[in-house]
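K.L.:
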Amino acid sequence: MVIEHCPSCQFTSQISIYSSSLFSRPTLSIVFIPSFDFRQLLKPCFSMKLLHEHILCFHYGLLQAGTQFWDEKLQNELSEGRLSGSAFDRYCMVLFAGIAAEALIYGEAEGGENDENLFRSICGLLEPPFTIAQMSNQARWSVLQSYNLLKLHKAAHRAAFIALESGGELSLHMVLVWVLQQLYCSGGFKSFHSKHFTAEDCYAPLSSRHRLFFRPSSAAGMSSWRSLVLRLGEKCAEYGGNTDYRDQLETCFGVVRRELPHSQDDILSFLLQCAEQLPHKIPLYGTLVGLVNLEDEDSVKRILEDTYGNLQAALDSGSCNRIRILMRFLTALMCSKVLQPSSLVVLFETLLSSAATTVDEDKGNPSCQACADFYIICILSCLPWGGAELVEQVPEEIDRVMVGIQAYMSIRRHVSDAGCSAFEHIEDRSQDDGGKDFLEDLWSRIQDLSSKAWKLDSVPRPHLPFEPQLVAGKSHDFGSLNCPELPEPPASASSITYGKQKHEAELKYPQHIRRINIFPASKFEDLQPIDRFVVEEYLLDVLYFLNGCRKECASSMVGLPVPFRYEYLMAETIFSQILLLPQPPFRPIYYTLVIMDLCKALPGAFPAVVAGAVRSLFDKISELDMECRTRLILWFSHHLSNFQFIWPWEEWAYVLDLPKWAPQRVFVQEVLEREVRLSYWDKIKQSIESAPALEELLPPKGTANFIYSAEDGDQTERGLSSELSGMVKERVTTREIISWIDDHVLSTHGVDVTLRVVVQTLLNIGSKSFTHLITVLERYGQIISRICPDQDRQVMLISEVSSFWKNNAQMTAVAIDRMMGYRLVSNVAIVGWVFLPSNADQFHVSDRLWEILRNALTKTFNRITDLRKEVSSLKKSVVLASEAASKAQAELEDAKSKITLTLVDGEPVLAENPVKMKRLNANVERTKQEELSTQESLEAKEALLARAVDEIEELFLCLYKSFSEVLAEPLQDTDGSLHPSSVEADGMAIENEDTTAMELDKEGGKSEKSDLNGGSTVNGYNVGEREQWCLTTLGYVKAFTRQFASEIWPLAEKLDAEVLTLEVHPLLRKAVYYGLRRLDEF
1 MVIEHCPSCQ FTSQISIYSS SLFSRPTLSI VFIPSFDFRQ LLKPCFSMKL LHEHILCFHY
61 GLLQAGTQFW DEKLQNELSE GRLSGSAFDR YCMVLFAGIA AEALIYGEAE GGENDENLFR
121 SICGLLEPPF TIAQMSNQAR WSVLQSYNLL KLHKAAHRAA FIALESGGEL SLHMVLVWVL
181 QQLYCSGGFK SFHSKHFTAE DCYAPLSSRH RLFFRPSSAA GMSSWRSLVL RLGEKCAEYG
241 GNTDYRDQLE TCFGVVRREL PHSQDDILSF LLQCAEQLPH KIPLYGTLVG LVNLEDEDSV
301 KRILEDTYGN LQAALDSGSC NRIRILMRFL TALMCSKVLQ PSSLVVLFET LLSSAATTVD
361 EDKGNPSCQA CADFYIICIL SCLPWGGAEL VEQVPEEIDR VMVGIQAYMS IRRHVSDAGC
421 SAFEHIEDRS QDDGGKDFLE DLWSRIQDLS SKAWKLDSVP RPHLPFEPQL VAGKSHDFGS
481 LNCPELPEPP ASASSITYGK QKHEAELKYP QHIRRINIFP ASKFEDLQPI DRFVVEEYLL
541 DVLYFLNGCR KECASSMVGL PVPFRYEYLM AETIFSQILL LPQPPFRPIY YTLVIMDLCK
601 ALPGAFPAVV AGAVRSLFDK ISELDMECRT RLILWFSHHL SNFQFIWPWE EWAYVLDLPK
661 WAPQRVFVQE VLEREVRLSY WDKIKQSIES APALEELLPP KGTANFIYSA EDGDQTERGL
721 SSELSGMVKE RVTTREIISW IDDHVLSTHG VDVTLRVVVQ TLLNIGSKSF THLITVLERY
781 GQIISRICPD QDRQVMLISE VSSFWKNNAQ MTAVAIDRMM GYRLVSNVAI VGWVFLPSNA
841 DQFHVSDRLW EILRNALTKT FNRITDLRKE VSSLKKSVVL ASEAASKAQA ELEDAKSKIT
901 LTLVDGEPVL AENPVKMKRL NANVERTKQE ELSTQESLEA KEALLARAVD EIEELFLCLY
961 KSFSEVLAEP LQDTDGSLHP SSVEADGMAI ENEDTTAMEL DKEGGKSEKS DLNGGSTVNG
1021 YNVGEREQWC LTTLGYVKAF TRQFASEIWP LAEKLDAEVL TLEVHPLLRK AVYYGLRRLD
1081 EF
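1 is the number of the first residue of the sequence shown in UniProt numbering; add one for each residue after it.
So this is what it looks like as structure tokens:
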């Protein structure tokens, strides 16, 4: 409790912070206890007079001023000892609101010193404790938010408003500065300097990340330049709002111009950050920089220099998205008269020259064509944003660039999508691109735009209304850039060395979209060819840069600056990313969440479009790549789980009439199985009530198949199992159990019975939950490894696990995966089990076996990838440790060479400083020891990596030999080619997406256009079982090869020599080569 006095009168106040402890029930209030007539004291007190009748109230003789702030959530968090970042932010807001209220009432905040001490003590209790700079930033932000908090209480806000009005030139910023001055004068926060303190300085919340977006609580009440720059254009008509972007630009420019002298570094870096991370608003930021250029040329020159440095760094590191976005930003700056057009053309020509040299057979390295193509794509992708201005200002130079691109297109190789195409053998004549690759398609769209005088509606041009002013600004030059040196062409002319370099180049410069034509061309007939490319760029940029902010991502995607509807194009683009091969930029779960948020943001349009996309993909499922088919199953089941599993299943009831190997039937079966994993069996059964016959495709209820639970089983084995179970329950040691098995089971009943009894019993004990399973494997894994020391017995072990969990595919996969993690089974044993004849017969009717094989390959791949990262990190650590040791040794030698005077028996003697020498010697020993330790760690990791390399080589050779053996006989029965075909269904495909509302949200999930009897024209599937088996197996050969190509390329020569020999069927070789994209050899 602190007693304070009003400086204008002798009225006594008390400021109390009620709390039973430091972290419980923080209630801040300001209480006045009148000792005589309060109204008489108001007259001589100017500050109190201002607030009279606005902030004061009486409670039976007790007058309470200010506001009592209470936050129940904060109280709960603090009382439980879990102070989160957001909780601490709210606590600081309350604390500084008290100081602000006192300042508004008394005219000064003398009691702030005690509140500051409380604030300091709390900051010191955090882990790690706050530095003075962090305290300063937190206090600044809290002061601004305290005023916003006062606004929630109308009386207090009204009093503050009157105080500000009565203060003449007094402004909110001055009040905040003044409050901070009181803290400064009281001895706290010496780093506060009120002279240059403005509202944006208050932005420094504890829980902020290194991203652009404020938390909703702080953005809502913040009127700083950061908020204006960040949200620039979001209320404009072009971005889904209803205001004019000219007004927003002028307002934002006014604030930025005013704050630029005080926060130049922050403003310039933030502007560039916004341009990079919000590229769909680049025209607006380019115009804003152009307006700043009229007032402060030096600041804009700094922006150009920073952009130049960032672009050069991006080129050197191969950061594709950053290169593309920065070039677009430079184009926008050229449109705003900030950058000279000739400088942009020089940049184009630099990239064009590098690209042309790269694909030159004599002077370059054609295996790196992916890099050259990317440079040309960057040039072409800038033209929709600035082609008209370039043609107007430097027509000859841009014509020279276009001619150069045309020449490049004539000498480059066509890039086939074979091996990375989501569909195969599809002939969609309505959307035929003429067999063009991505660059050829983009070039044709740019040529079409050029023929239309560079006019398009999908790119806003906010600089045009300001052009009369912008031309008065100085256009700056742009320094020359250097493209990085490409690797030398392979010394040997073998196709394998060429393919390795090509693969590495494609990994570094990947194609960021492969279009999937899901909807008919009629859905896009209102779009110009270039509009599709521009909207795709918008969508991909938003998905990439806003991946950590789901809500912002969805909001930006539905508010793109285009004058036409693009729901179908948005759906196609997102599905193209989900099904992008070899892998999408982000995990599939991200796209699932984005689609879910878009369905909620556009409930009247987008859900029906998504439903139409699903129907269209379902119709083409037999042509879908196996990897894409798996991704679609996982996405669709997860998507339905977010919408109460509602789907008009009666539309697909006809799949029961198809053969069990038909892809559509397998798709429905796998979706239902995944849904059961995400929910429970009865819930999913209930969700298909509109098509009850589909219950046939539901997986069995996931109960364990414990063979010793029945009375009619082998009584001897049942007794052994019961005895083993009792030993486990009595916590008999593992050594004793192993002795019992050796003496009473293995010697008497043999390996098969022993393995069956032990595995069935232990799995039954661990069947209650995943945690029980892990516990059993950790405690009794030695028993299993003792019984199954070699590959043959491990195959038997996996078979027993599969038998035990035959009714639960998920637990089968989990148990085998965990056993591999505990090294109870090897990856080679898993491959051997998957390709057992009894399992191979199921390849085409279920994903169960492929999931287990995929898990084993992925786990092995991830392990060697992690080891390579650790070895790389340790090599850097060894270099640093070696440098530290050398430096320490040099310091010691230097000290030895310097002679100092020392008193010995009162006489000056030339000698070394013993204390210093002791310290230096100790430092040398320590650094040498660290160097030695780091070197030993590196050698150990390198040994593990070498072993892992041998292991993965053995694994993939075993895998492809198994594929070759299992495919040899079935492929002999084919005519040399496999082309699946199916009769198109009538009236069930894409027309259904033309609904005007989300039909799937209706009760029961029935579509108004579906046949209530579950009838639809039955899709005939005329592919035989053996042919479908071959198609499925070859599809997985290609999928696995593509997924793990980085580890398979080093084995290419051995693979050709040992597996892909002349005797192997051409279709198997084709599948492997397509997976590696060795297209020139087939």
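Beta carbons are placed, not taken as given, at the ideal position from N, Cα and C, and that holds for glycine. Since this is a predicted model, take the numbers as computed values, not measurements.
1. Here's the rule: buried if 16 or more other CB atoms are within 10 angstroms of the residue's CB, otherwise exposed. What is residue 304?
2. Measuring only the C-alpha atoms, how far is residue 832 from residue 853?
3. Mapping DSSP to helix, strand and coil, what is residue 566?
4. Assuming residue 770 is part of the alpha helix (DSSP H), what are its boundary residues?
5. Quick one: grab the DSSP three-state call for residue 92.
6. Whose C-beta lies closer than 6 angstroms to the C-beta of residue 327 among residues of the same chain, with five residues either side of it excluded?
7. To the nearest angstrom, how far is it from the Cα of residue 775 to the Cα of residue 863?
8. What do you get for residue 921, buried or exposed, if any count of 16 or more other CB atoms within 10 angstroms of its CB means buried?
9. Using the C-alpha atoms, what's the distance from residue 478 back to residue 394?
10. The alpha helix (DSSP H) with residue 359 in it runs from where to where?
11. Please report the straight-line C-alpha distance between residue 643 and residue 607, rounded to a whole angstrom.
12. Return yes when the Cβ of residue 338 is within less than 7 angstroms of the Cβ of residue 300, no when it is not.
13. With respect to the alpha helix (DSSP H) encompassing residue 292, which residues constitute its N-terminal and C-terminal limits?
14. Going by other Cβ atoms of all chains shown within 10 Å of its Cβ, with 16 needed for buried, is residue 269 buried or exposed?
15. Tell me whether residue 1021 sits in a helix, a strand or coil according to DSSP, three-state version.
16. Express the C-alpha separation of residue 1069 and residue 1057 in angstroms, rounding to a whole number.
17. Report yes if the C-beta distance between residue 662 and residue 693 is below 7 angstroms; otherwise report no.
18. How would you call residue 972, buried or exposed, if buried means at least 16 neighbouring beta carbons within 10 angstroms?
19. Spatial neighbours of residue 491 within its chain, please: CB distance less than 6 angstroms, with the 5 preceding and 5 following residues excluded, ordered by chain position.
20. Would you call residue 943 buried or exposed, if buried means 16 or more other Cβ atoms sit within 10 Å of its Cβ?
21. Could you tell me which of 501, 406 and 464 sits nearest to residue 287, measuring between CA atoms?
22. Within 8 angstroms, do at least three Cβ pairs link the stretch 615-632 to the stretch 807-819?
23. Could you say which of 455, 609, 298 and 874 lies nearest to residue 523 if we only look at CA atoms?
24. Helix, strand or coil: which one does DSSP assign to residue 423?
25. For residue 800, count neighbouring Cβ atoms within 10 angstroms of its own Cβ and tell me buried if that reaches 16, exposed if not.
26. If I measure Cβ to Cβ from residue 697 and keep anything under 7 angstroms in the same chain, skipping five residues before and after, which residues do I get?
27. Quick one: Cα of residue 91 to Cα of residue 551, how far?
28. According to DSSP, residue 236 sits in a beta bridge with which residue or residues?
29. Check whether the Cβ of residue 878 lies closer than 7 angstroms to any Cβ atom in chain D.
30. Using 7 angstroms as the threshold, is the C-beta distance between residue 699 and residue 676 below it?
31. Excluding sequence positions up to five away, which residues of its chain have a Cβ less than 7 angstroms from the Cβ of residue 297?
32. Please identify the residue among 1071, 1048 and 580 whose C-alpha is closest to the C-alpha of residue 1032.
33. Confirm, please, whether the CB-CB distance from residue 289 to residue 384 is below 7 angstroms.
34. The alpha helix (DSSP H) with residue 321 in it runs from where to where?
35. Identify which residue in 358, 330, 584 and 726 has its Cα closest to the Cα of residue 628.
36. So the candidates are 604, 516, 545 and 956; which of them puts its Cα closest to the Cα of residue 620?
P.N.:
Checking against the coordinates, here is how it stands:
1. Classified as buried, residue 304 has 16 or more neighbouring CB atoms from the shown chains inside 10 Å of its CB.
2. The alpha-carbon atoms of residue 832 and residue 853 are separated by roughly 10 angstroms.
3. Assignment of residue 566 by DSSP, reduced to helix, strand and coil, places it in the coil class.
4. From DSSP, the alpha helix (DSSP H) with residue 770 extends over 770-787.
5. Reduced to three states, the DSSP call for residue 92 is helix.
6. The residues are 378 and 382.
7. Going from the Cα of residue 775 to the Cα of residue 863 covers about 23 angstroms.
8. In summary, residue 921 is exposed, with fewer than 16 beta-carbon neighbours lying within 10 Å of its beta-carbon over all protein chains present.
9. Those two C-alpha atoms are separated by around 16 angstroms.
10. Where residue 359 is concerned, the enclosing alpha helix (DSSP H) stretches over 341-359.
11. Spanning the two alpha carbons is a distance of roughly 10 angstroms.
12. Using a Cβ distance threshold of 7 angstroms, residue 300 and residue 338 count as a contacting pair.
13. First-last of the alpha helix (DSSP H) with residue 292: 282-295.
14. So residue 269 counts as exposed.
15. Looking at residue 1021 - three-state DSSP - the assignment turns out to be strand.
16. Residue 1057 and residue 1069: Cα-Cα distance of roughly 12 angstroms.
17. No, the Cβ-Cβ distance between residue 662 and residue 693 is not below 7 angstroms.
18. Residue 972 is exposed by the Cβ-count criterion.
19. Cβ within range, chain order: n/a, list empty.
20. Counting the other CB atoms within 10 Å of its CB gives residue 943 a total below 16, which places it among the exposed residues.
21. Among 501, 406 and 464, the Cα nearest to that of residue 287 belongs to 464.
22. By the criterion of at least three beta-carbon pairs nearer than 8 angstroms, the stretch 807-819 is not in contact with the stretch 615-632.
23. Comparing C-alpha distances from residue 523 to each of 455, 609, 298 and 874 shows the shortest one belongs to 609.
24. Note: residue 423 maps to strand in three-state DSSP.
25. Counting Cβ neighbours within 10 Å, residue 800 comes out buried, since at least 16 surround it.
26. Around residue 697: 668, 669 and 672.
27. Looking at the two C-alpha atoms, the distance is approximately 26 angstroms.
28. Beta-bridge annotation (DSSP): residue 236 is paired with 243.
29. Within the model displayed, chain D is absent; a lone protein chain is all it includes.
30. Inclusion of residue 699 and residue 676 in the CB contact set at 7 angstroms is warranted, their separation being smaller than that value.
31. Closer than 7 angstroms at Cβ, skipping near neighbours: 474.
32. Selected option, being the one with the closest Cα: 1071.
33. No, these two residues do not count as a Cβ contact at 7 angstroms.
34. Element bounds for residue 321: 320-335.
35. Closest option to residue 628, Cα to Cα, is 584.
36. Nearest of 604, 516, 545 and 956 to residue 620, Cα basis: 516.
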